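Keeping their order, the protein sequence lines are chains A and B.
Just so we're aligned, residue 350 is where the first sequence starts under our numbering, counting upward by one.
Just so we're aligned, residue 4 is where the second sequence starts under our numbering, counting upward by one.
Here a beta-carbon is modelled for each residue, glycine too, at the ideal position from N, C-alpha and C.
Predicted model, so just to flag it, every value in this text is computed and none were measured.
The structure under discussion appears below in the form of structure tokens.
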Amino acid sequence: MTAQNASGALLTATALHKTYGATAALAGADFAIRPGEIVAVMGPSGSGKSTLLHCLAGIVTPDSGTVFYRGHELSGMSDAERSALRRGEFGFVFQFGQLVPELTCTENVALPLRLAGVERKAAEARARTWLERLEVDDVRHHRPGQVSGGQGQRVAVARALVGSPRVVFADEPTGALDSLNGERVMELLSEAARETKAAVVLVTHESRVAAYSDREVVVRDGKAQDLAGLAGAA
Amino acid sequence: MSISHALLGLLESGPSHGYDLKRAFDARFGHDRQLAYGQVYATMSRLLKNGFVEVDGIEAGEGPERKRYAITEAGVTDVAQWLGRAEKPEPYLQSTLYTKVVLALLTGRDAAALLDTQRAEHLRLMRELTRRKSGGDLADQLICDHALFHLEADLRWLEMTTARLDRLRQEVTA
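Now the structure itself:
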């Protein structure tokens, strides 16, 4: 059995290495996620969690090692192909600063659909459905600067999910929120992901956030330890 | 938790039979473990002996006679004192986990693996509580949150200990 189809995995990384200057961010990291699964990537600050996410999403190219998404190796794709993959199949939620400040919340959520060529009215109607679902329909005409941190994060989750991605990459999605708001964002994100059967790669250092996942992978000193043994099943 | 104080507190809202007290306790506080009948009756007879409750009436039925209990003035005072008294914070200095880590280091076993196994178990329980919380009412949420915050504190300790394992090994094996 090869790594790229280990246990029916959707996205698989094997032996990833990535060095920034003298710092080894990843030093032999393995990872795999099945369709519809929520996997928490945990570990202390500077352990390589975010670099792993960036490699998995094709944002960063590893120095060595492979990332396979549905049988295709990311490093074998052109930049344009990788961009198309990120637009069409992936959704992203970051800690903050991800919404376009000049656009309204509706326009922000509709943006991935507009970039994919969906006509404005249809895109905004779908955006509206997601804003309702994330309980932020009341701020749909506001710009990001006019909403609270919790509302902004819900808008960001709506934008990540509006294009029906197969994988959502969430990097510390509640990192800038208080406990109650963070919790609600995680509830809404995990519920929506389960309903739409999207897989979620959830980078977090908080165990209460990780508790929304199906299983966890621990990154330490650039090595990912898959406690469930999925990545090692190849 | 002081079961006698909890039962006494429940009795403050009005006289009740032992059976109804048990049901009230289970509904509000018995999420993890329900009270045994024997425990309720033993507690009530002790409270009766100490003058914190009195028998308000006895119903004769087919089974054993059913006593109805009412709280006394002394009982109300006791509840008030209990509620006003801070609980002693438990510092957990004699933690089993700490003991296990030290023993693993002393005997040359893999302490990091021990900590990882524990972390996975803590997270498993946190997932279970998180699921229970999302399906529950506010009472469930508050009870689960209390447990979740404690587990989170344990996990932070596990993480810190993992990071300091080399130093601890040097100290305990010196």
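Any C-beta of chain A under 9 Å from that of residue i
i               : result
R159 of chain B : yes
A166 of chain B : yes
R170 of chain B : no
E57 of chain B  : no
L132 of chain B : yes
A107 of chain B : no
D178 of chain B : Any property of residue 178 of chain B remains undetermined from this structure, which presents chain B solely from 4 to 177.
DSSP-derived helix/strand/coil call for residue i
i               : result
A573 of chain A : strand
R564 of chain A : strand
F441 of chain A : strand
Y369 of chain A : strand
E536 of chain A : helix
Y72 of chain B  : strand
G60 of chain B  : strand
D520 of chain A : strand
I408 of chain A : coil
A362 of chain A : strand
Q175 of chain B : Correcting the residue identity first, residue 175 of chain B is Val in this sequence and not Gln. If DSSP states are grouped into helix, strand and coil, V175 of chain B belongs with the helices.
A45 of chain B  : helix
Nonlocal neighbours in the same chain, by C-beta distance under 6 Å from residue i, ignoring five residues either side
i               : result
R122 of chain B : L161
H491 of chain A : C454
E62 of chain B  : R69
L538 of chain A : V506
Beta-carbon contacts of residue i that lie in its chain and below 7 Å, excluding the five residues immediately before and after
i               : result
E174 of chain B : none
Q500 of chain A : V485 and V488
CA-to-CA distance, residue j to residue i, given in whole angstroms
i               : j               : result
A583 of chain A : D148 of chain B : Low local confidence applies: a pLDDT of 37 at A583 of chain A is under 50, so the model's placement there is unreliable, with the coordinate-based value given in what follows. Distance between the alpha carbons of A583 of chain A and D148 of chain B is about 38 Å.
A364 of chain A : P522 of chain A : 26 Å
Q353 of chain A : F152 of chain B : For Q353 of chain A, the pLDDT reaches just 44, beneath the cut-off of 50, and the residue's location in the model is therefore unreliable, although a value from the coordinates is still provided. Roughly 38 Å separates the two Cα atoms.
L452 of chain A : G466 of chain A : 18 Å
R533 of chain A : D59 of chain B  : 48 Å
V291 of chain A : E536 of chain A : Nothing about residue 291 of chain A can be reported from this structure: the residues present for chain A run from 350 to 583 only.
L448 of chain A : S497 of chain A : 13 Å
Chain-order list of residues whose beta-carbon lies under 8 Å from that of residue i (same chain, five-residue window excluded)
i               : result
P461 of chain A : R436, G440, R508, V511 and G512
D143 of chain B : H34, R135 and K136
Any chain B beta carbon closer than 9 Å to residue i
i               : result
A583 of chain A : For A583 of chain A, the predicted structure reports a pLDDT of 37, less than 50, and the residue's modelled location is therefore unreliable. A value from the coordinates is still provided. Chain B contact via Cβ: absent.
P522 of chain A : no
P514 of chain A : no
V552 of chain A : no
Contact between the segment 392-406 of chain A and the segment 367-377 of chain A is defined here as three or more beta-carbon pairs at a separation below 8 Å; is this criterion met?
yes
Decide yes or no for the touch test of the segment 554-574 of chain A against the segment 123-133 of chain B: beta carbon pairs closer than 8 Å, at least 3 of them.
yes
The segment 401-417 of chain A in contact with the segment 513-532 of chain A per 3-pair CB rule at 8 Å:
yes
Between the segment 414-434 of chain A and the segment 15-34 of chain B, do three or more beta carbon pairs fall short of 8 Å?
no
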